[in-house]
């Protein structure tokens, strides 16, 4: 399994902006938790550090990190930041998701 992740330039720019406002490192942690309307849900946090077993992807100096438990569920995903009339949010384009919900924050395998 390749265990690759991609953080788009738009997402990297937003993470950098948020991290600067909060005086934190530009490290976005993506994890997967049970729940949501489709079985699993994505969780985003700014991380203070990278664990030795995290998978790391970097775009424009911003790091996207995923723990070893979550990586199997999001392998090959692209994390983007989108703004629309409905609001602004980080979105995960997950090739492993067999089902999703309208809000885009949960998925099923």
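Numbering (the numbering used here), first residue to last: 1 to 109. Heads up, the beta-carbon is just placed ideally off N, CA and C, and yes, glycines get one too.
Exposure of residue i, with buried meaning 16 or more beta-carbon neighbours within 10 Å
i          : result
residue 56 : exposed
residue 63 : buried
residue 5  : buried
residue 12 : buried
residue 2  : Confidence at residue 2 is low in this model, with a pLDDT of 46, below 50, so its placement is unreliable and the value that follows should be read with caution. Its Cβ having fewer than 16 others within 10 Å, residue 2 is exposed.
residue 88 : exposed
residue 85 : exposed
Three-state class that DSSP yields for residue i in the structure shown
i          : result
residue 88 : strand
residue 72 : helix
residue 63 : strand
residue 20 : helix
Interface flag, residue i vs chain B, CB-CB below 8 Å
i          : result
residue 14 : The structure shown contains no chain B; it holds only a single protein chain.
Check: How do the segment 14–24 and the segment 67–77 stand: do at least 3 beta-carbon pairs fall below 8 Å, yes or no?
Finding: no
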